[in-house]
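Report on the structure given below.
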């Protein structure tokens, strides 16, 4: 949300409706906190994602 036009670009490229969060930095912190709280279950997904890139 801090990158101008990123919502439009993502919507155009993926076909997924996008919305700008009113407090994007808070969303990043909250999302990181959720990953840390449930790291045991999410680590498998995160590991697979790192292997793809």
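Residue numbers (this note's numbering): 19 to 71.
Every residue gets a Cβ at the ideal spot worked out from N, C-alpha and C, and that includes glycine.
{"Asked": "Residue span of the alpha helix (DSSP H) that contains residue 42, given as start and end", "Found": "42 to 55"}
{"Asked": "Other residues of its chain near residue 58: CB distance less than 8 Å, five sequence neighbours each side excluded", "Found": "none"}
{"Asked": "Whole-number beta carbon distance between residue 20 and residue 42, since they are thought to touch under 8 Å", "Found": "6 Å"}
{"Asked": "Sequence-distant residues of the same chain with beta carbon closer than 7 Å to residue 39, five excluded per side", "Found": "19 and 45"}
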